[in-house]
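Here is the structure we will look at.
In this note's numbering, the protein residues as written are 2 to 311.
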């Protein structure tokens, strides 16, 4: 990390993730130290009950190296990335887990297994990725979408992205999140498609979204800086206090979330919503704290869904 800070999973996120019992979570290809450390940390924190998928001898060696006894946990033996991904997705689709965690394997291999019809994880909704970032020394957190899955979402897909992000904010205890539609300017410009889309989405949200405030287009400074809002004279319920940033496309979201982790020491958790269960989509280079944060997001979402159904 370029900034030199140490990643740390925020305690409020862990608190939001704790439910009546740990969320049974399929950990796919749990064959290296970071993956098992994050599964161990999430288990010790009372967030997940792991089901470990991978080469059994490798998992045992790694577990012994990090000092974690995995003898009491369910194990699904599978040798190699593809086999582990297929076995984990299939078992989760059949109800053996309430969340699915990407371990030490390539994202394309993991997602191919998730999207396979035989796995039974698709429920007819688009899948959307959400990042939750907390910066050391700064109050609150920021939710960013979609920096890892959908390259160029159109207006209809952005409606789903907005709804999923709001649901996650509710799951984390924010009853009425402020949603900013990010662009390069707050002024409508036909030359900048994200501004015209933001205007359309803001109008849609007035009738369609009852449990959040949605506004845009807004440049980044107007999303997060009350001072910028004051100087520019912008009137908005969202400007200067956004909880959620809706990205215009994947490059902006990917760059922004990685800048926050690399230069600001932010702890980033990532989760994919829209499938049968929450999916923890982490990078193989993510530290254990980020993976723990991702597990916390999935657990919070699953617990909230259960409460909503009661």
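Built from N, CA and C at the ideal position, the CB exists for glycine as well.
query, result
"Please check if any C-beta of chain C sits within less than 7 angstroms of the C-beta of residue 117.", "No chain C is part of this structure, which consists of one protein chain only."
"Ends of the alpha helix (DSSP H) at residue 62?", "57–67"
"Using alpha carbons as the reference points, say which of 228, 252 and 254 lies closest to residue 242.", "228"
"Is the distance from the Cβ of residue 28 to the Cβ of residue 40 below 7 angstroms?", "yes"
"Are there 16 or more other CB atoms within 10 angstroms of the CB of residue 186, so buried, or fewer, so exposed?", "exposed"
"Excluding five sequence neighbours on each side, which residues of the same chain lie with their C-beta closer than 6 angstroms to the C-beta of residue 255?", "148"
"At a cut of 8 angstroms, does the stretch 271–288 reach the stretch 99–117 through at least three beta carbon pairs?", "yes"
"What are the uninterrupted segments assigned as beta strand (DSSP E) that are 3 or more residues long and contained completely in the stretch 120–170, given in chain order?", "129–135 and 143–146"
"Check residue 49 in the structure and name its three-state DSSP category.", "strand"
"Report the CB separation of residue 166 from residue 131 in whole angstroms; it is logged as a contact under 8 angstroms.", "6 angstroms"
"What are the uninterrupted segments assigned as beta strand (DSSP E) that are 3 or more residues long and contained completely in the stretch 235–298, given in chain order?", "245–247 and 268–274"
"Which partner residues does residue 103 have in the DSSP bridge list?", "29"
"Apart from the five residues just before and just after residue 173, which ones in its own chain have a Cβ nearer than 6 angstroms to its Cβ?", "17 and 301"
"Measure the alpha-carbon distance for residue 269 versus residue 171 and round it to whole angstroms.", "18 angstroms"
"State the Cα-Cα distance for the pair residue 179 and residue 48, rounded to the nearest angstrom.", "27 angstroms"
"Quick one, are the C-beta atoms of residue 36 and residue 104 less than 7 angstroms apart?", "yes"
"Out of 126, 135 and 81, which has the shortest C-alpha to C-alpha gap to residue 266?", "135"
"Residues in its own chain within less than 7 angstroms of residue 79 by CB, not counting five upstream and five downstream?", "54, 55, 85 and 88"
"Does the Cβ of residue 153 have 16 or more other Cβ atoms within 10 Å, making it buried, or fewer, making it exposed?", "exposed"
"Based on the DSSP secondary-structure assignment, which residues constitute the bridge partners of residue 78?", "55"
"Using DSSP with H/G/I as helix, E/B as strand and the rest coil, what is residue 189?", "coil"
"Look at the alpha carbon of residue 235 and the alpha carbon of residue 217, and state the distance between them as a whole number of angstroms.", "11 angstroms"
"In chain order, which alpha helix (DSSP H) runs of at least 4 residues are fully inside the stretch 194–223?", "194–209"
"By the DSSP assignment, the beta strand (DSSP E) with residue 173 in it spans what residues?", "Here residue 173 belongs to no beta strand (DSSP E), and DSSP marks it neither H nor E."
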